[in-house]
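Here the structure is laid out as structure tokens; the discussion comes afterwards.
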Amino acid sequence: MSTAGFNSQNGTGTGQAYANGPSQNPVALQQLPGVNYGMTHQPTYNPMQAKVPAPPGPGLYPTGPYQPVPPVSSYQSGLLPASYPSPPGQQLLTRPPMAGPPSHTPPQSASPGPGPRLPPAQATPPPPAVSSSSYYQTPQQPQPMAPTWNYNTAPPPMGPPSSMNTPPRGLAANHVSPATSSIAPPPPMSSAAYSSAPPAHVSHSTTQPPGPGMPPTSLHGYIQPGTAPPPMNPMAPQTYQPNRVPYSTPPTGPPTMKPAPPPTGPPMANATSPPPDGTVTDNGPQAPNSYNHVDNKLAGPPQPGSPGRHLGHYPSLPPGYQNTSAPHNAAPPMHPAMQAATQPYTQTPQPYQQPPVGPGPAQLSPSLAAMSLQSSTPEALRVVNLLQERNLLPPSPIPAPTPCLPQDLQKINCNPEVFRCTLTSIPQTQSLLNKAKMPMGLLLHPFKDLSQLPVVTSSTIVRCRSCRTYINPFVSFLDQRRWKCNLCYRVNDVPEEFMYNPVSRSYGEPHKRPEVQNATIEFIAPSEYMLRPPQPAVYLFVLDVSHNAVETGYLNVFCQSLLDNINALPGDSRTKVGFITFDSTIHFYNLQEGLSQPQMLIVSDIEDIFLPTPDSLLVNLNECKELVQDLLKSLPTLFEKTMETQSALGSALQAAFKLLSPTGGRLSVFQTQLPNLGAGALQSREDPNQRASAKDIQHLSPATDFYKKLALDCSGQQVAVDLFLLSSQYCDLASLGCISRYSAGSIYYYPSYHHQHNPAQVECFQKDLKRYLTRKIGFEAVMRIRCTKGLSIHTFHGNFFVRSTDLLSLPNVNPDAGFAVQMSIEENLDDMQVVSFQAALLYTSSKGERRIRVHTLCLPVVNSLSDIFAGADVQAISGLLACMAVDRSVTASLSDARDAMTNASIDSLSSYRQSVLTIQQPGLLAPVCLRLFPLYILALLKQKAFRTGTSTRLDDRVFAMCQLKYQPLAYAMLMIHPALYRIDDLTDEGALNINERTIPQPRLLQLSVEKLSREAAFLMDAGTVMYLWIGRNCNPTFLTQVLGVPSYTAVPDNLYLLPELDTAESQRTRAFIGWLRDQKPFFPSLQIIRDESQRKASFMQNMIEDRTESALSYYEFLLHIQQQISK
């Protein structure tokens, strides 16, 4: 791959910003900054644009030149320390003016916006307020502006940089499928101009097949005779935005990437063939299993639809049906803070009868079909004055909102733990979405451990011939022989085999097949879904054995854990393992069968690394298990006296890549210090004196593109890299993390790890490692998300690489990984009552089976703002905004990300007040469904990833950002807004009974010191860590019965384990804490903190509602929002 291609994604090796999660279409044509992406004549909600014509300021994903923001002062001195009314004349925060000429910073990924900046608290009065009344460019009085988000349009890709030190950052065509690689490149252009050609981002609009239009049908009903076909809305080829001068003449015809219309005759098999080697062009080395071609090979002739829909589809799938039992590590019952993601859904397959002839939902009037909420005000829209209602946090977690669908559809809809949308009611038009000023996106947990997962083996996997959607519960059967796709509306034939139902053993009822009864289903794929035999499970461990690493003691824990779990590694008789250790040299281990003991082979030439015996370094685990066990027993002592302090991590990774390239597999790297030798060597960039600086945080982007380049090479060869960082010093996670981010790996971080000084971290590492070694794994995976015609996906978040427009390359997929995507509306959805989204994950199981897991979500379409607000999912919105803010912190600055998050809450509540409320009242008004939105935004501002003014190590901050990007929503929400419980008075009232254990259910408390009592004990679950805070005058019974100490002063300082006492109080407390831990895929440590403990500060930093020296209290934040709205 060319250097320019990497630079365009990652910046040069000088610490420039890079694009991680938000990945653009690699072949997108360039376009004017700010030009809308496909909504005809409708400017998108772009709060990032000036409220009047002015140079655009920085957005989360800048769509125009970057305008630097001068530091702004904040409160007047003397603000009340905690909560309620401000003294008369007290001035609150205002939207500060911004000044300075725009400096060209290339746009990066998607979604910007406007609104107020939330400055750090200082003692000088704020500058004059700036009006925030309008979100669109209007030719009235010019005013300055502040940044926020353009939620719902794709970002324009970058043009050439304006100077040598501002590298381009748009994605280059690193992994371009053959279907797209022939597109002509855009013409060269100046640094200030962009082409107006529409970019080829993921558009899910398809044209209607030729021939007579099909009549509208119900989702589960038969055809209604005599009805007219629904009108289609083809997308306009070019959009127009006022105040923009196009670089060139807009195209007069459709975009060049539109495929030809389908033939009207029968499809021809194998009309398109992949290149013989099955590789993807322009990406350096690539494994033969590039599934881009599999779909093209099986899909027949090109079908109508956007090109992104045809790049790498999973082709058609084998008879038999079984319900697999829960895997051994299936998720236990959810704890309250995670039930929020699941209630009130069930994942069990629900029986569903296809109704006979008669009108279905799609034939009702739009108001009935969408079940409009306007006739009576639902609870979700009940008005709440946030400034008056103090106790808004519910005593138990909030369930995900239920989409307003007919009951029969809702019963079989996808579990929100797996698939949920920020808006459970989809707006009809982009203009309506713009008015709501909320982001639209999907949050996925596609490979989650499920207790019930229907698995189908069939020689024919039924898919739409046009858009390749898998048949699902939301398609329409016109009759027994024809079904209409719910994404592109093409009518397809029902294959003969599909007429037989393997569950009921009946014939002639295709609508009762398991594929049409379950929104989540897994297919065992036939050979058409493979371009090479399924790979074996291959595990390579790369271990730091420098002096620093040996001192931490991690090697003993790793070797013992692998010895204990070696028989539980997922795999079959083909499973392979290998080991590499490194310090200033690279050590390989010959484990060939027949040797009496492992042979260590040392390669000291780290500049030109090679494999000394390529055939005996990765060995069959079953055949060589004794040698592997001998090596694990001897490794800790082998290096215990080493004095080698250097670390050649880059060279070790290069060697590991060479070793794994022929097969693919999982590469597990254990590192304890900054790599300082050979390829990928890094230097410390952290200034400890600046950790608490309120200014912008530097060095959030990588210092070199070495690790990203290597990750892309790994991804091309189906290798994922998981990074375990165990360190007490700065390791530059911003740079090292790229190796996992772009190869679909995971990052584990244990700061201050030491086997003696930090036993709590050792316990976490042991438990995490056991889960890591034994959990389910999928190899050589790809995932594609499809959506109904008219909607488009433009930005992805998570750990992966975008191989072609919308195909995510996942060399490994694990059950603990989450993903998010942002969406926009390209064509009006006027004629639709519902839309659907489908995520399909094709992977190889550890047993060597090729499988496809499919999730389908159905949501109603609405045409009123009140319905959109009623369906807002405040937790999903907060989770998506967190992902967007992480990217903005890297591509623009941390202060821009903070401002944009603040503006997000201002914009949505302002829109609600102006457009939904019929009676204007004083106060800060919000609907019940958004009542926690300002609280979650404030929590994000105080989260380790985004906080300022509090000493935060750079690696800690970067790791918090990584977690927000790839943790599934249920876990991320605890990291954003921890759960606080009083636990010194636990009772069995309302308790859960799970596996003959009684689990108490204390109520959730607000995160404020006023909820604490010195006579009590409180447990805070902050996701990755738990704090047990003990008041100075705590109940003596709790101390003796739970902690086993006679008095408060006898509580040890570094206590991290609860003693197992034979008392009811001890059993209740341990059961509750153990149950909270069981809900998570990682092991949270427990810190037991006395009132005067030094560690009390970390507990108090999570008291989000209280004021600190550098951050507002919740009440002050509400007053600030109210002031901005009421301008």
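Going left to right, the sequence shown walks through residues 2 to 1128 as this note's numbering numbers them.
Every residue gets a Cβ at the ideal spot worked out from N, C-alpha and C, and that includes glycine.
These figures come from a predicted structure and were not determined experimentally.
Check                                                                                                                                                                 : Outcome
How is ASP480 classed by DSSP in three states: helix, strand or coil?                                                                                                 : strand
Please check the pair PRO396 and ARG1004, which I expect to be a contact at CB under 8 Å, by giving their CB distance rounded to whole angstroms.                     : 4 Å
Considering only the alpha carbon of each residue, which of LEU858, ALA841 and TRP1030 lies closest to ASP807?                                                        : ALA841
Would you mind reading off the limits of the beta strand (DSSP E) that contains ASP868?                                                                               : Taken as a continuous stretch (DSSP letters only), ASP868 belongs to no beta strand (DSSP E), being part of the alpha helix (DSSP H) at 866-871.
Which partner residues does GLU523 have in the DSSP bridge list?                                                                                                      : VAL456 and ARG854
Ends of the beta strand (DSSP E) at ARG1178?                                                                                                                          : Absent from the structure is residue 1178, since the part of the chain shown begins at 2 and ends at 1128.
Please tell me whether PHE820 and GLY791 are closer than 7 Å, where the distance is taken between their beta carbons.                                                 : no
Name the DSSP beta bridge partners of GLN1095, please?                                                                                                                : According to DSSP, which records beta bridges pairwise, GLN1095 is partnered with nothing at all.
Between which two residues does the alpha helix (DSSP H) carrying TYR490 extend?                                                                                      : Neither: TYR490 is in no alpha helix (DSSP H) and is coded neither H nor E.
Pairing CB atoms from the stretch 546-565 with CB atoms from the stretch 663-676, are three or more of them under 8 Å?                                                : yes
What residue ranges within the stretch 608-687 form continuous alpha helix (DSSP H) runs of no fewer than 4 residues, ordered along the chain?                        : 626-639 and 650-661
Going by beta carbon distance, what residues of the same chain come within less than 8 Å of LEU1006, once the five residues before and after it are set aside?        : LEU394, LEU981, TYR982, ARG983, LYS1012 and PHE1019
How would you call HIS758, buried or exposed, if buried means at least 16 neighbouring beta carbons within 10 angstroms?                                              : exposed
Can you tell me whether MET441 is buried or exposed? The criterion is at least 16 other CB atoms within 10 Å of its CB, across all chains shown.                      : buried
Please list, in chain order, all residues of the same chain as ARG482 whose beta carbon is under 8 Å from its beta carbon, the five residues on each side excluded.   : ASP494 and VAL495
At the level of alpha carbons, what is the spacing between ALA971 and ALA735?                                                                                         : 25 Å
With 16 as the cutoff for other CB atoms within 10 Å, does ASP989 come out buried or exposed?                                                                         : exposed
If you compare alpha carbons, which of ARG469, VAL836, VAL835 and ARG854 is closest to TYR844?                                                                        : ARG854
Assuming ARG948 contacts LEU955 under a Cβ cut-off of 8 Å, what Cβ separation, rounded to an integer in Å, is found between them?                                     : In fact, because the Cβ distance is near 13 Å, the residues do not count as touching under 8 Å.
Count the other CB atoms within 10 Å of the CB of THR167; is the residue buried (16 or more) or exposed (fewer)?                                                      : Note that THR167 scores a pLDDT of 39, beneath 50, so its modelled location is shaky and nothing firm can be said.
With DSSP collapsed to three states, give me the class of ARG1069.                                                                                                    : helix
Identify every residue that forms a DSSP beta bridge with ARG421.                                                                                                     : LEU444
Does the structure place the stretch 531-547 close enough to the stretch 864-876 that three or more beta carbon pairs sit under 8 Å?                                  : no
From the DSSP output, which residues share a beta bridge with PRO923?                                                                                                 : DSSP output for PRO923 lists no bridge partner at all.
By DSSP, does GLN762 sit in helix, in strand, or in coil?                                                                                                             : helix
With a threshold of 8 Å on Cβ separation, who are the neighbours of ASP565 within its own chain once the five nearest residues in sequence on each side are excluded? : LYS771
If you run the structure through DSSP and keep just helix, strand and coil, what is PRO474?                                                                           : coil
Tell me which same chain residues have a C-beta within less than 7 Å of the C-beta of LYS768, skipping the five on either side of it?                                 : PHE1084
For the stretch 701-709 against the stretch 918-932, are there 3 or more C-beta pairs whose distance is under 8 Å?                                                    : no
Looking only at its own chain, which residues have a Cβ that is under 7 Å from the Cβ of PRO379, when we skip the five neighbours before and after it?                : ALA871
Just confirm the distance between the C-beta atoms of ASP688 and SER648, as a whole number of angstroms; I'd bet it's less than 8 Å.                                  : Incorrect: roughly 22 Å between the Cβ atoms, too far for contact.
Note down, in chain order, each residue of its chain lying with its Cβ closer than 6 Å to the Cβ of GLY679, except the 5 sequence neighbours on either side.          : ILE607, ALA649, GLY651 and SER652
Closer than 6 Å by C-beta to PHE420: which residues in its own chain qualify, once you throw out the five before and the five after it? Chain order, please.          : LEU445, HIS856 and LEU858
Distance check for ILE826 and HIS512, CA to CA, integer angstroms please.                                                                                             : 30 Å
Using beta carbons (cut-off 7 Å, strictly below), is HIS756 in contact with chain B?                                                                                  : Absent here is chain B; the protein component of the structure consists of one chain.
If we ignore side chains and look at the alpha-carbon of each, how far apart do ALA1023 and LEU975 end up?                                                            : 5 Å
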